[in-house]
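These notes concern the structure reproduced below.
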Amino acid sequence: MKVLVVGGGGREHAIVWKIAQSPKVDKIYCAPGNAGIAELAECVPIGAMEFDKLVAFAKEAEIDLTVIGMDDPLVGGVVDAFEAAGLRVFGPRKNAAILEGSKAFSKDLMKKYNIPTAAYETFTSAEEALAYLETAPMPTVLKADGLALGKGVLICNTLEEAKEGVKTLMLDKQFGTAGDKIVIEEFMTGREVSVLSFVDGNTIRIMTSAQDHKRALDGDKGLNTGGMGTFSPSPFYTPEVDAFCKEYIYQATVDAMKAEGREFKGIIFFGLMLTEKGPKVLEYNARFGDPETQVVLPRMNNDIVEIFEACIDGTLDQYTLDFEDNAAVCVVLASDGYPVKYEKGYPIEGLDRFKDNDGYYCFHAGSKFDGDEQIVTNGGRVLGITATGSDLKEARKNAYAATEWVSFANKYMRHDIGKAIDEA
Ligand code: AMP
Ligand code: GLY
């Protein structure tokens, strides 16, 4: 088989790496890919939003299966474009990717189908949002309706901050049209867990749990980022939590989408908060998490291509997922200054050490070739250093040891990824 993966970050590197293990696969392409992905796949210089070019390439190269990694193309309808051309593709159609593409849609869906989530109101007028805030309990949470690179969520401690937030989202339009509509929701507290799942429209199969660290600085301080590190499994995702989510959240979401005429095939990523009143959905994503994927897929024993195909064909009920009884930790090596202002183009040294070193992975998030040989930094998040271990503590020790193997001029990382493990 020939497989095309669309995207070029650490998540796509992990997906490509996992696809490369499949005996069914002869050749992998990645659009646009990056310098790390280039070791396993032929990178094609087509952007993830260039649907016509992607479809034309898939036809010309006789691609048997295309896997979409990123949210933007999914929400924009890339799967519909592939299907219209008679091509096999893994991911939700546009009318289902709205589960991630519109927070107002997902909140309304949860309300209608009694799926536990924070109480909320939706606004399209800044004036009405401001009036509502006058009597709303603080802290409160403002969310831009549309995609905003994971940055459209504002936690506001005071009325002043919340008013400023409405201005940022709705009047100054910091996230463009994503802020034309906003959701204002109840502030919740508790542990966060990420749960990824495969869905074939009817059947859902849950992967092992993970936890992300979204803030830039140690101690969960600083700005929100795309994710500075992850660990899997989450020790807080107990069998009781799992049972609750299976009863009230996972299948309920798949059934709700079907009932709405928006059959979901692909990945549903449940962002959960384990509150005092039980698990609640913080958000849905319609794709693999980044960097959750970098800790989940190295623990997965199945042939991922078989599972992708089962989702497309509606035969997922014939498969069970199997995860290694171990743990994994991923520490992101970023460019100093990320997520605001940072420099790139610095040579990365030490990458060879990951070759033939079982249980250690270096997934590239932002890298490129400078000339034929030299790999240089090319983004805010540069590398995801993942290691496995028999338990979380060992995995963390291994991952941090491996962060020392690579160097580049403005290397930055958090030093407390997985610290919560000690409290479990
Ligand atoms: P989201 O993109 O909706 O996952 O939001 C990003 C982050 O904001 C989450 O991972 C949480 O840390 C935080 N967050 C979102 N919604 C809430 C909420 N209702 N209460 C508390 N924190 C929240
Ligand atoms: N790591 C969070 C996300 O992928 O949205």
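So for the sequence shown, my numbering puts the first residue at 2; every next one is plus one. We put the beta carbon where it would ideally sit given N, CA and C, even for glycine. A quick note: this is a predicted structure, and the numbers were derived from the prediction, not measured.
Problem set entry | Neighbourhood of L148 by C-beta, 8 Å cutoff - its chain only, sequence neighbours within 5 removed | D72, D73, V76, E101, G102, A179
Exercise. Which of the three DSSP states, helix, strand or coil, is assigned to M274?
Worked result: strand
For this session: Please name the residue in G220, V242, N327, T141 whose C-alpha comes closest to that of I183.
Result: Closest by C-alpha distance to I183, out of G220, V242, N327, T141, is T141.
Exercise. Contact between the segment 2–14 and the segment 29–40: three or more CB pairs below 8 Å?
Worked result: yes
Exercise. Beta-carbon separation of L197 and E325 under 8 Å?
Worked result: no
Problem set entry | Pocket of ligand 2 defined by Cβ to heavy atom distance under 5 Å | D213, G228, G290, D291
For this session: Give the straight-line distance between the Cα atoms of F265 and T254, rounded to the nearest whole angstrom.
Result: If I take the Cα positions, the gap works out to 9 Å.
For this session: Taking only the alpha-carbon atoms, compute the straight-line gap between R300 and E129 and give it to the nearest angstrom.
Result: 48 Å
Exercise. Quick one: what does DSSP say H14 is sitting in, helix, strand or coil?
Worked result: Helix at H14.
Exercise. Between I219 and P236, what straight-line distance do the alpha-carbon atoms span, to the nearest angstrom?
Worked result: The displayed chain sequence assigns Asp, not Ile, to residue 219. Roughly 20 Å between the two C-alpha positions.
Problem set entry | Closer than 7 Å: A119 CB and nearest ligand 1 heavy atom | yes
Exercise. Shortest alpha-carbon distance to F91 belongs to which of M111, E135, K259, V68?
Worked result: Comparing Cα positions, the closest option is V68.
Exercise. How do the segment 218–232 and the segment 348–358 stand: do at least 3 beta-carbon pairs fall below 8 Å, yes or no?
Worked result: no
Problem set entry | contact_flag[the segment 373–393, the segment 318–336] where n(CB pairs < 8 Å) is 3 or more | The segment 373–393 makes contact with the segment 318–336: 3 or more CB pairs, one atom from each, lie closer than 8 Å.
Problem set entry | Pair within 8 Å by beta-carbon distance, Y251 and I205 | Here Y251 is near I205, since their CB atoms are less than 8 Å apart.
Problem set entry | Proximity below 8 Å, CB of G166 to CB of C157 | With respect to the 8 Å criterion, G166 and C157 are classified as neighbours on the basis of their beta carbons.
Problem set entry | Where P24 falls, given that 16 or more other Cβ within 10 Å makes a residue buried | With fewer than 16 other Cβ atoms within 10 Å, it is exposed.
Exercise. Where does E13 land, buried or exposed, given buried means 16+ other C-beta within 10 angstroms?
Worked result: Buried, by the Cβ-count rule.
Problem set entry | Cα-Cα separation between L55 and A244, rounded to whole angstroms | 41 Å
Problem set entry | Residues near A120 in its chain [Cβ-Cβ closer than 6 Å; skip 5 each side] | E187
For this session: Please indicate yes or no: does the CB of K144 lie closer than 7 Å to some heavy atom of ligand 1?
Result: yes
Exercise. Cβ-heavy atom distance between I156 and ligand 1 below 7 Å?
Worked result: At least one heavy atom of ligand 1 falls within 7 Å of the beta-carbon of I156.
For this session: Flag this pair as yes or no: are the beta carbons of Y339 and Y413 separated by less than 8 Å?
Result: Yes, they are a contact pair.
Exercise. Rounded C-beta distance between K174 and L131? I'm assuming under 8 Å.
Worked result: 16 Å between Cβ atoms; not a contact.
For this session: Kindly indicate which residue of V200, L134, V26, D53 has the alpha-carbon position closest to the one of E84.
Result: D53
For this session: Just list the beta strand (DSSP E) runs in the segment 310–347, keeping only unbroken ones of 3 residues or longer that don't cross its boundaries, in chain order.
Result: Restricting attention to beta strand (DSSP E) runs no shorter than 3 residues, the segment 310–347 encloses them at 328–336, ordered along the chain.
Exercise. Among the residues of its own chain, which have a CB less than 6 Å from the CB of Y361, if the five just before and after it don't count?
Worked result: Take Y361, set aside five residues on each side of it, and the residues of its chain with a beta-carbon closer than 6 Å to its own are F355, A388, A403, in chain order.
Problem set entry | Alpha-carbon spacing of V17 relative to N399, whole angstroms | About 23 Å.
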